[in-house]
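Just so you know, the protein sequences line up as chains A and B, in that order. Note that the working numbering has the first sequence beginning at 1, numbered continuously upward. Note that the working numbering has the second sequence beginning at 1, numbered continuously upward. Take a look at the structure set out below.
Number of protein chains: 2
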Amino acid sequence: MIKLIMDTMGGDHSPQANVEGALLALEKYPELYMILSGDQAAIEKCIAEHGGADSSRYEILHAPDVISGEEKPTDAIRLKRESSMMKAIKLLRESDDITGMISTGATGALVAAATVRIGRIRGLSRPAFCPVLPTMDGRIVGVCDSGANVDCTPEQLLQFSIIGSLYLQNYFGIEHPRIALLNIGTETEKGDALHKEVFKLLAAEHGADFVGNMEGRDLLTGKYDLVVSDGFSGNILVKTTEGTALEMLKMLKRDIYSKGIYKFGALFMKSMFKKEKDLMNYQNYGGSVLLGTEKIIVKGHGSSGSTSVLRCIEQALKMEKSNLNAKISEYISGMHNDPADKEDN
Amino acid sequence: MIKLIMDTMGGDHSPQANVEGALLALEKYPELYMILSGDQAAIEKCIAEHGGADSSRYEILHAPDVISGEEKPTDAIRLKRESSMMKAIKLLRESDDITGMISTGATGALVAAATVRIGRIRGLSRPAFCPVLPTMDGRIVGVCDSGANVDCTPEQLLQFSIIGSLYLQNYFGIEHPRIALLNIGTETEKGDALHKEVFKLLAAEHGADFVGNMEGRDLLTGKYDLVVSDGFSGNILVKTTEGTALEMLKMLKRDIYSKGIYKFGALFMKSMFKKEKDLMNYQNYGGSVLLGTEKIIVKGHGSSGSTSVLRCIEQALKMEKSNLNAKISEYISGMHNDPADKEDN
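Structure follows, in C-alpha cells:
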C-alpha cells in the first residue's frame, strides 16, 4: 500500500478538483490509500457528488483554514497551523508510512514548509522544482529550478543540475541527459558573474553531458534534456513558454472562427488541431515535482482541474517507485566523500 | 538630410543583408544619407550586385575587422579599433551631423562601446534595450531592459521604467502606458529583495499607470504596454516568446504536410496562416532601440535579412523624428531637481 496526502485546498478549483482527482486515482490504483486534508464537510460533499467512495481506502484530515498566495511563506508556517497545507505537512513529517503529498496551493508556503518541516536530503542546500515540458520533436525537457529559489549561489545551481539530472535518469530513463545552462546567449562568456561561475562548475561536474549555455528561444527545439537555472529566470522561462503556446492556440481558434472558409478548411484538420492542443495543454502534464526533500512533494498548477490532479498523484506514485531520493542521497554523499573535496575543507 | 551609419558586419548575413537593407532605405527615404562601415571591397561588391546606387547619397568607411560574439566586450573596445563597429562608433561620436547607427553585430560590445564612447543621457545610470512585440489583441508590448544590463539596482530598474514609458509615449503615441514588473507571481510580495524594492519604486513613480507584477505567461495577452525587468530575465522573456512562437509555427507547418487531408484543408486557410506567420515573425519588426544613449543606436537581430535591416533604419529615422532623447533629458533632470530629492543628497 502506498499512502499519499492530498491537500484539497488552495487551488482555483479547490476542493472539488482535488477531491475528484484523488477519487479517480483511488479507482485507478488499487495499491493507493489517500488522506484528504481540508474542510471535512466540504470534502464529504465532494465525495457524495462523485457518488461515494470506498471508505477503507481514504480518510479525512480536518483542516478548516486555507493559505492564500498573498501570504508571506514564513507567516503561513507560523500562523496557519490549522490550514489544509500545514496540517498535511505535519502529518507527513510524523508518519513513517506516508510517502508523499500533493498540493495545488501557495507555492512559496509549500516550499518553505517542506524545507523546514520535512527536511532536505542530507548534503543538499535547497530543494528545487523540475517541471517537464514536451519538445517539438516529441521528447521532453526539464527545467530545474523553476521557482523554488529566487536567489541562488553557484553551488546551489550545481546541485540543481545533479538532482535534475538524476530525476531525468531514474524517472524518465534518459541515460545521459544533455544539460544546458539558461543564459542570455550561447557563447561561453555570457551572463553575469554567477552564470560564468556556474558554467565552469557544470563543465567540471558533467563533462560531455554539459552542452553549454542555452537561450530562452531554444527550450522547445529538443536539443536539451535538462535546463539548469535559478528559480527566478527558470520561472520566467517555463511560464513564458506555456503562456505563448496558450495564446497562439487561442489566436488560431479565434482566426478559424473569423471566416466561413477558414471554418470549412479546419473541418479537415480537426484531428490535427486536437493533437496539437493536447500537446501544448500543460494541464495534461500534471504538476512539478519538488526535488531534494526527504519525502515526495508534487505541486500542481493553481488552475488544476481533476485530470491534472490525477496526473500529480500518478507522478507521486512513479516517484515512489523510481527510488530517486536514495539515488540522490548516494550521489551527494559520494561528492562529499570525494578525497579532493576533503583536502579543501 | 538625416545621416546614419550602418555597421555592415557581425550579423549572420553580413555584409549582404546590411548593405542591401541600407540601399533599400536610400531608395525609400530621399532625406537619408548613409555611411556604410565595413570592408570596402566587400561593400562595393554588394552595391554592384544590387545594381549600383547614387554615390552622392552614401559613403564607405573602410574597416577591415569584425567583432565576434565570443569576444569580451571590454576587449573588443580596446583591441578591435579597426572593426566595423568600433570605427562606426568613433565616427558617430566625432560627427555632430550624424544622428545614429544601426548594427546587427555583437550585442555586448555594442552596448559597452555606446555607453563608454557615445555616452548616456545626463542623469541616466545605464542604457537599456526596449524591443516591442505584437500582442494577441493587435496591440504592442515593450520590454525594458531586454539584455543590455545583466545585474541591476532598483534605481536602474526605475530608470528603465521611465525611459521605456517615454519611448512608448513619444514613439508609439501610447499616452498612458500600463506598466508591469516582470516577476514570478502577480502577488505584491513576490520575488527577491530587488523586485520587492522595485515594486515600491514603480508604484511611487507611476501611480495608477503601474499595474503590478506580471508573470511570463501574460506577456502576449495585451494587458500591459511596458514590462520592466532586469536585462537577464527580460532577455529570457523576449527570446522564449519568440522561440515558442517560431517552434509552434514550425509544428503547424510540419503537421499540415504530414497528411493529404490536412494539406487539403489548409488550402482554404492560406491567407489566415500567412497573416499569423507574418504576425509572429519577429524579423518583420526590425530591431531593438537602445534607449538612454546620447545618439540613436538600433540593434538588429543577428539573423536579420535585408527587410529586417530596412526596418531598423526606419526605426532610427522615426526615433530621430520623435525627439525622444530631449524628452528623456527633460524628465530625468526634473527628477533630479525635485526638492525632496535635494534634501536627501
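Built from N, CA and C at the ideal position, the CB exists for glycine as well.
Given that a residue counts as buried once 16 or more other Cβ atoms are within 10 Å of its Cβ, and exposed if not, what is residue i?
i	result
residue 12 of chain B	exposed
residue 301 of chain A	buried
residue 293 of chain A	buried
residue 341 of chain B	Low confidence applies to residue 341 of chain B: its pLDDT is 46, below 50, so where it sits in the model is not reliable, and the reading given next is rough at best. The residue in question, residue 341 of chain B, is exposed, as its Cβ has fewer than 16 Cβ neighbours within 10 Å.
residue 267 of chain A	exposed
residue 334 of chain A	exposed
residue 257 of chain B	exposed
residue 165 of chain B	buried
residue 16 of chain B	buried
residue 176 of chain B	exposed
residue 81 of chain B	exposed
residue 88 of chain A	buried
residue 48 of chain B	exposed
residue 134 of chain B	buried
residue 359 of chain A	It is not possible to answer for residue 359 of chain A, since the shown part of chain A is limited to 1 through 345.
residue 30 of chain A	exposed
residue 280 of chain A	buried
residue 243 of chain A	buried
residue 185 of chain A	buried
residue 74 of chain A	exposed
Run through chain B and tell me which residues come within less than 8 Å of residue i, C-beta to C-beta.
i	result
residue 240 of chain A	216, 217, 219, 236, 237, 240, 241, 244
residue 303 of chain A	Here the premise fails: no neighbours, minimum Cβ distance about 11 Å.
Which residues of chain B have a Cβ atom closer than 9 Å to the Cβ of residue i, listed in chain order?
i	result
residue 136 of chain A	247, 248, 250, 251, 254
residue 182 of chain A	236
residue 94 of chain A	Near residue 94 of chain A there are no residues of chain B at all, since even the closest Cβ is about 30 Å away, more than 9 Å.
residue 141 of chain A	Ordered by position in chain B, no residue passes the 9 Å Cβ test against residue 141 of chain A, which lies about 12 Å from the chain.
residue 276 of chain A	248, 251, 252, 255
What residue does the beta strand (DSSP E) around residue i start on, and which one ends it?
i	result
residue 75 of chain B	From DSSP, residue 75 of chain B is part of no beta strand (DSSP E) but of the alpha helix (DSSP H) over 73-79.
residue 149 of chain B	No beta strand (DSSP E) contains residue 149 of chain B, which DSSP labels as neither H nor E.
residue 213 of chain A	210-214
residue 297 of chain A	296-299
residue 59 of chain A	58-62
residue 136 of chain A	Looking at the DSSP string, residue 136 of chain A is not in any beta strand (DSSP E), and its letter there is neither H nor E.
residue 99 of chain A	98-103
residue 227 of chain A	226-228
residue 47 of chain B	It is not in any beta strand (DSSP E) - residue 47 of chain B instead sits in the alpha helix (DSSP H) that spans 40-50.
Ends of the alpha helix (DSSP H) at residue i?
i	result
residue 7 of chain A	Taken as a continuous stretch (DSSP letters only), residue 7 of chain A belongs to no alpha helix (DSSP H), being part of the beta strand (DSSP E) at 2-7.
residue 193 of chain B	193-206
residue 179 of chain A	No alpha helix (DSSP H) contains residue 179 of chain A, which is instead part of the beta strand (DSSP E) from 179-182.
residue 84 of chain A	84-94
residue 26 of chain A	16-28
residue 108 of chain A	107-113
Closer than 7 Å by beta-carbon distance: list the chain B residues that pair up with residue i, in chain order.
i	result
residue 299 of chain A	Those do not exist, as residue 299 of chain A stays about 13 Å from chain B at its closest Cβ, beyond 7 Å.
residue 151 of chain A	192
Measuring from the CB of residue i, is there a heavy atom of the ligand GTP at a distance below 7 Å?
i	result
residue 268 of chain B	The ligand content of the structure shown is nil, which means the ligand GTP is not present either.
Could you work out which residues of chain A lie near residue i, taking near to mean beta carbons separated by less than 9 Å?
i	result
residue 265 of chain B	264, 265, 266, 267, 268, 269, 270, 272
residue 132 of chain B	Result: empty, since nearest Cβ-Cβ is about 16 Å, beyond 9 Å.
residue 80 of chain B	Ordered by position in chain A, no residue passes the 9 Å Cβ test against residue 80 of chain B, which lies about 15 Å from the chain.
Quick one, which of the options has its alpha-carbon nearest residue i's?
i	options	result
residue 70 of chain B	A/210, A/144, A/332, A/189	A/189
residue 213 of chain B	B/204, B/205, B/195, B/45	B/195
residue 315 of chain A	A/170, A/87, A/10	A/170
residue 237 of chain A	A/313, A/142, A/297	A/142
residue 145 of chain B	B/86, B/297, B/131	B/131
residue 60 of chain A	A/37, A/278, A/108	A/37
residue 111 of chain B	B/76, B/122, B/138, B/255	B/76
residue 168 of chain A	A/329, A/322, A/124	A/322
residue 199 of chain A	A/230, A/218, A/313, A/46	A/230
residue 272 of chain A	A/282, A/252, A/260, A/286	A/252
residue 225 of chain B	B/172, B/2, B/44, B/185	B/172
residue 318 of chain A	A/58, A/25, A/255	A/25
residue 137 of chain B	B/23, B/295, B/223	B/223
What does residue i touch in chain A if you count any residue whose Cβ is under 8 Å from its own?
i	result
residue 261 of chain B	268, 269
residue 70 of chain B	187, 188, 189
residue 233 of chain B	232, 233, 236
Under 7 Å between beta-carbons, which chain D residues line up against residue i? List them in chain order, please.
i	result
residue 147 of chain A	The question asks about chain D, but that chain is absent: this structure's protein chains are A and B.
message: List, from N- to C-terminal side, the alpha helix (DSSP H) runs of 4 residues or more that fit wholly inside the segment 252-318 of chain B.
response: 260-267, 270-280
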